[in-house]
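What the sequence shown shows, in this note's numbering, is residues 138 to 499, in sequence order.
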Amino acid sequence: MEIRIHAEPPRGPVQLPEPLGFGRVFTPHMFTEHWDEARGWHDAAIGPRQPLVLDASAQVLHAGQAIFEGTKAYRRPDGRVQLFRPEANAARFNRSASRMGMPELPVERFVEAIEALVGVDAGWVPSAEGASLYVRPVMVATEPTFEVRAARSFLHYVILSPSGPYFSGGFQPVGVRVAEEHIRAAPRGTGEAKTPGNYAASLAAIEAARAGGYQQVLWLDAVERRYVEEAGAMNVAFVVEGREIVTPALSGSILHGITRDSVLRLAPDLGLGVREERLDIEAVLADVKRARITEVFCMGTAAVIVPVNRIGHRGEDVAVGGAPDFPVAQRLYRALTGIQTGRAPDPYGWTRVVTVPERAEA
Ligand code: PLP
Ligand code: COI
């Protein structure tokens with residue numbers, strides 16, 4: 138793909154604010170390209186990050202036809218920058234596109250857009266422990282119309298945010314509350330797609346959980362209201378007797394997390410068993426209470442791995458074991474972040490060093 142680049146090299150070393158927070162600071166550039174029926178994807182460009190110009194009737198604002206992704210670029214100990222499994226995000230972007238009636242994007246094009254933009258803004262990749270450059274690819278329907286049908290024009294853009302851990306405490310435990318009023322996603326709905334509507338539908342429950350003193354929501358299945366699905370915008374796993382990781386099997390309404398997939402592949406190499414199955418919340422809580430479940434943790438790109446120290450359910454607060462070190466979650470966190478940041482070898486071929494144009498170095 139040919140990308141037109143209008144970018145200013147940084148003037149001297151980039152000074153990142155402290156604390157960075159998550160998704161609040163943005164780099165100066167963005168990638169954009171357009172799709173229409175006649176031309177397919179075209180006009181790929183990197184330029185200054187700026188507000189989008191959208192007609193007020195653009196489909197995305199009315200029918201919500203939109204998808205996004207989240208991946209990260211990491212500063213390696215040798216100073217180079219690398220991406221972690223961006224092809225897996227590309228594949229999920231296309232599955233989301235297909236579910237939402239949007240055009241697909243060749244995998245190489247998705248990755249090339251990220252590599253080129255991260256190359257231009259490489260000076261913004263943090264090197265502090267736990268910090269990285271969060272990469273947000275998005276596709277929105279731009280066609281001006283109120284007709285309820287798939288749009289005929291789309292914008293794909295990528296923006297970047299130097300970020301600290303999603304939860305300000307980093308590897309600190311969070312409390313989750315089982316959602317009783319709301320569901321996140323139903324079978325054959327859009328739960329497997331990374332589409333903003335899923336997040337919009339989750340916000341009231343997240344606020345209710347927060348008001349009750351919990352950081353996240355533990356979602357149950359939509360049909361029987363019994364089976365554990367996800368924790369907030371993360372997948373969830375349970376450690377059985379300190380040696381086996383059990384996570385809800387992908388049900389049709391659970392997002393196929395790349396962190397989840399990576400944990401399932403890493404864990405056996407750390408001597409841990411793995412199982413994917415349907416998990417009844419009552420059985421899970423009983424196992425937590427009798428300490429058969431020794432740890433609980435959430436998994437996602439933004440937070441990587443976060444231990445859970447309590448689960449609220451029907452007014453009861455169930456304490457989870459593992460404190461203060463959460464040894465299994467901690468081992469997985471160390472192993473995964475070691476590969477992601479280039480501090481440890483990558484026997485899985487998950488990482489990809491970004492070529493940085495010389496003028497973008499700072
Ligand atoms: N579940 C939901 C609903 C998410 O939004 C995310 C984040 O992308 C995840 C799970 C974790 O997925 P990943 O590990 O690919 O970031
Ligand atoms: C994740 O990366 O784990 C997420 O859920 C991203 C979130 C900010 C939508």
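Yeah, the Cβ is synthetic: ideal placement off N, Cα and C, and Gly gets one too.
- Look at H319 here: in three-state DSSP terms it is coil, with no helix or strand label.
- Here G307 has G267 as same chain residues with Cβ atoms under 6 Å from its own Cβ, once five neighbours each way along the sequence are excluded.
- Between ligand 1 and the CB of I204, the shortest heavy atom gap is not smaller than 7 Å.
- Not one heavy atom of ligand 2 is found less than 7 Å from the C-beta of T384.
- The closest heavy atom of ligand 1 lies less than 7 Å from the beta carbon of T396.
- With a threshold of 7 Å, the Cβ atom of E367 counts as near ligand 1, since some heavy atom of the ligand is closer than that.
- Relative to ligand 1, even the nearest heavy atom lies 7 Å or more away from the CB of L189.
- Counting other Cβ atoms within 10 Å of its Cβ, G301 reaches 16 or more and is therefore classed as buried.
- The residue among A466, Y271 and A342 with its C-alpha nearest the C-alpha of R161 is Y271.
- In the pairwise beta carbon analysis, the segment 417–436 is classified as not touching the segment 232–252: fewer than three pairs are separated by under 8 Å.
- Sequence-distant Cβ neighbours of N226 in its own chain, meaning closer than 8 Å and more than five residues away, are E206, G207, T208, F247, P274 and I395.
- Bridge partners of S269 according to DSSP: S300.
- The beta strand (DSSP E) runs of length 3 or more contained entirely in the segment 344–410 are, from start to end of the chain, 353–357, 365–368, 372–377 and 381–385.
- Excluding the 5 residues flanking it on each side, R489 has same chain C-beta neighbours closer than 7 Å at Q219, L220 and P223, in chain order.
- When the beta-carbon positions are compared, A472 and L387 stay at least 8 Å from each other.
- For Q309, the closest alpha carbon among the candidates E139, T478, R286 and P464 is that of P464.
- When secondary structure is reduced to three states using DSSP, E245 falls in the helix class.
- Ligand 2 approaches T438 closely enough that one of its heavy atoms is under 7 Å from the residue's Cβ.
- The beta-bridge partner set that DSSP reports for A342 is empty.
- When the Cα atoms are used, R397 and W356 turn out to be separated by approximately 16 Å.
- Judged by the Cβ position, A337 fails to qualify as a neighbour of ligand 2 at the 7 Å threshold, every heavy atom of the ligand being at least this far.
- Short note on G301: C-beta not closer than 7 Å to any heavy atom of ligand 2.
- A234 and G458 have their C-alpha atoms some 40 Å from each other.
- Annotation for Y211: the continuous beta strand (DSSP E) segment containing it runs T208 to R212.
- In this structure, S339 places its C-beta atom within 8 Å of the C-beta atom of R321.
- Bounds of the alpha helix (DSSP H) holding T478 are P464 to T478.
- Judged by beta-carbon spacing, A200 lies within the 8 Å limit of V285, meaning their Cβ atoms are closer than that value.
- DSSP places F308 in the coil class of the three-state scheme, outside both helix and strand.
- Residue P444 holds the alpha-carbon nearest to the alpha-carbon of A368 among E170, P444 and H166.
- In the three-state reduction of the DSSP assignment, S290 falls in the strand class, which pools E and B.
- Counting every other CB atom within 10 Å of its CB across the protein chains shown gives F434 a total of 16 or more, marking it as buried.
- In terms of side-chain proximity, the C-beta atom of K331 is found nearer than 7 Å to a non-hydrogen atom of ligand 1.
- A check of alpha carbon separations from M371 across Y336, D173 and W261 identifies Y336 as the nearest.
- Annotation for G452 indicates a beta carbon at 7 Å or more from all heavy atoms of ligand 1.
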